[in-house]
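Start counting the sequence shown at 2; every next residue gets the next number (our numbering).
Glycine included, C-beta positions come from ideal geometry on N, C-alpha and C.
Predicted model only: the values in this text are computed from it and were never measured.
Notes follow the structure.
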Amino acid sequence: MKKIYVVFISILLFLVGCNNSVSNEPINEEKQLNDFILSIQTDKSVYEEEDIIEVSSHFEYVGEEIQFDEKPQFSIVIENKENGTVVKQVAFDDVKKTMQKGDEFSQTIKDLKLQKGNYQLYVGTSFSVGPHNNLIITTPREFEVK
C-alpha cells in the first residue's frame with residue numbers, strides 16, 4: 002500500500018512541476034483573408050530584461066496580380082498588457098501599390114529592449130481594392146520580459 006502512495010505522490014509532484022514550467026516557444030501568428038496572408042513572429046515568448054527582442058512581420062499575396070487603390074498601410078504594435086499603452090509601433094517600409102503572386106512586404110523591429118512586464122504584439126493592415134475595403138489584424142499574442 003505504501004508503494005502505491007509513493008508512486009501516486011511522485012506522479013502528482015511530476016505533474017505539478019510540469020504545470021509550473023514556463024513555455025518559451027517562439028511566437029508565430031498568422032491570419033489569412035482570401036489571397037492575403039499576414040504574419041508576425043518572434044524567436045521566443047519569454048525574455049530577460051537585458052535580452053534584445055526581434056519581431057518580424059510579413060504580408061504575402063498568393064493570388065494573381067493585384068492593384069491596390071492606394072498603398073496598403075501596415076503597422077506592428079507592441080502594447081503593455083497591464084495598462085494597454087503602446088510601447089512600440091512600426092510601419093512597414095517599401096510598400097508598393099501592386100503585388101504579383103508570391104510577392105511579400107515585410108518589416109522587422111531590431112534591437113528592442115523592454116522593461117520587465119507583460120506585453121502583447123500584433124500586426125494589422127488596411128487596404129482597398131475596387132469596392133472592397135479590407136482589414137486584417139493578427140490575434141494579439143502575449144510575451145513576457147522578466
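In the DSSP assignment, F37 falls within the unbroken beta strand (DSSP E) covering F37 to T43.
By the Cβ test, the stretch 30 to 39 is in contact with the stretch 47 to 67, since at least three Cβ pairs between them sit closer than 8 Å. Here P27 is exposed: its Cβ has fewer than 16 other Cβ atoms, across all protein chains shown, within 10 Å.
Less than 8 Å separates the beta-carbon of D94 from that of Q108. L115 sits in coil when the DSSP states are folded into three classes, being neither helix nor strand. Relative to N35, the option among V47, T43 and G64 whose CA is nearest is G64. With contacts defined as CB atoms closer than 8 Å, I110 and G125 fail to qualify as a contacting pair.
The C-alpha of T140 lies about 12 Å from the C-alpha of V78. With distances taken between CA atoms, K97 lies nearest to E66 out of E145, E66 and V47. Fully enclosed beta strand (DSSP E) runs of no fewer than 3 residues occupy 37 to 43, 54 to 62, 74 to 81 and 87 to 92 of the stretch 33 to 102, in order along the chain.
Taking C-beta atoms as the reference points, E80 and Y120 count as a pair closer than 8 Å. Within the same chain, Cβ atoms closer than 6 Å to the Cβ of V88 are found at I79 and N81, the five residues on either side in sequence being excluded. Selection T43, E31 and E71 evaluated against S127 yields E71 as nearest (Cα-Cα).
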